[in-house]
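Single-structure report; data block below.
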Amino acid sequence: MATIAWLKVHNQDVFRRLVRALRDAGNGDLRRDLVREIRAEGQPALAATKAAWATVDVTSSRGGGTKSTGLRGRIAGATKIQVQQNGIRVHVNPRQVDARYGRTLTFGMNNMGTWKHPVFGNRNHWEKQWGQEVFYKTLERYEPRWRRGIERAMDRTARKLGM
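Taking my numbering, the leading residue of the sequence shown gets 71, the next gets one more, and so forth.
Below you can see the structure in the form of structure tokens.
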């Protein structure tokens, strides 16, 4: 399971009617335009979330060094927006972070747990680390503006369909 945040449309009935009307119209261009607009409305939130990952202060029980593995950048790069029929999904794909430990690392970086690793590859010395919560906090700040933008995009599409 990835780190996920959902933005659900408040007026589900209107959204369902719009989706049905788009499907019935058979106009793929309108649907693509709507998805493109919704995704564009989410770009500020996505950019802020990716930037927030870079600011995570990773701590350990003994301080730690200055050498980095690029984990923050990998998590930021794996953070995506996906437009779905019942809302918008912002998620971190754990496999893009690390094939084996992506979920643990992502949760740990977001202060939803910890992760352990050998110190500089020395399996006799392990270190426990934890991050700080940034994913949901950042998205919450953008939610009202993003929601209004999505509703405007839906209204424009509905007008084009004569609804």
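We put the beta carbon where it would ideally sit given N, CA and C, even for glycine. Small disclaimer: the values here were computed from a predicted structure and weren't measured.
Query: Pair within 8 Å by beta-carbon distance, GLY178 and GLN202; Result: no
Query: N- and C-terminal bounds of the beta strand (DSSP E) containing THR125; Result: Unbroken run through THR125: none, as it is neither H nor E.
Query: Stretch pair the region 89–99 + the region 143–153: three plus CB contacts closer than 8 Å; Result: no
Query: For ASN192: DSSP bridge partner residues; Result: VAL189
Query: Check whether ARG142 and VAL167 have beta carbons under 8 Å apart; Result: no
Query: Beta-carbon spacing of ALA91, MET224 below 8 Å; Result: no
Query: Residue of ILE220, LEU209, ARG222 and ALA228 minimising C-alpha distance to ALA118; Result: LEU209
Query: For HIS187 and ARG165, the rounded distance between their alpha carbons; Result: 18 Å
Query: Enclosing alpha helix (DSSP H) for THR208 [first to last residue]; Result: 205–230
Query: Cutoff 7 Å; reference PRO114; Cβ partners in own chain excluding five residues on either side; Result: TYR212
Query: Residue of TRP196, GLU221 and TYR171 minimising C-alpha distance to GLU107; Result: GLU221
Query: Nearest candidate by alpha-carbon position, reference VAL89, set ALA110, GLN154 and ALA169; Result: GLN154
Query: Range of the contiguous beta strand (DSSP E) that encloses THR139; Result: No beta strand (DSSP E) holds THR139; DSSP gives it neither H nor E.
Query: CA-to-CA distance, ASN180 to ALA121, given in whole angstroms; Result: 13 Å
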